[in-house]
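Peer 1: Following this message is one structure expressed as C-alpha cells.
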Amino acid sequence: MVEGAIKIIHYEKDQNRYRDAIRVWIPLSAAGALISFLIGLAFHVPLRQMIFAMIFSAALIFSGYIFRSFGKDKEKYKSKDGI
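Per my numbering, the sequence shown starts with residue 390, numbered consecutively.
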C-alpha cells in the first residue's frame, strides 16, 4: 500500500516536471525557429528550405532542453559545492 502511494507521488512529480519543462522550453525553441527564419530571409534562402530549417532547429533546441531537464535528478546528484 505504501509502495502504491510512493508510485503515485513519483508519477505526479514527473507529470509536473513534464508540464514545467514544456512550458519553459517551447518558447525558446520558437525563438530558435524565428532566428532560422530571419537568417533565411537575409540570405534569400528558398521558402521550402527555410521551413525545414525552422522545423529542424526548433526540434533540436526543444529535444536538447528536454534531455537536459530529465538528465539527472537535482537532489540525487548535488555536488559538494551545493550547485
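Glycine included, every Cβ here is placed at the ideal spot set by N, Cα and C. The model shown is predicted, which means the values in this text are computed figures rather than measured ones.
Just the Cα atoms here: how many angstroms apart are H433 and L427?
Peer 2: Approximately 10 Å, taken between the alpha carbons.
Peer 1: Could you name the residues of the same chain whose beta carbon sits closer than 7 Å to that of R457, not counting the 5 residues immediately before and after it, in chain order?
Peer 2: none
Peer 1: Does the distance from the CB of I450 to the CB of G421 come in under 8 Å?
Peer 2: yes
Peer 1: Residue range of the alpha helix (DSSP H) that F451 falls in?
Peer 2: L436 to S458
Peer 1: What do you get for A447, buried or exposed, if any count of 16 or more other CB atoms within 10 angstroms of its CB means buried?
Peer 2: buried
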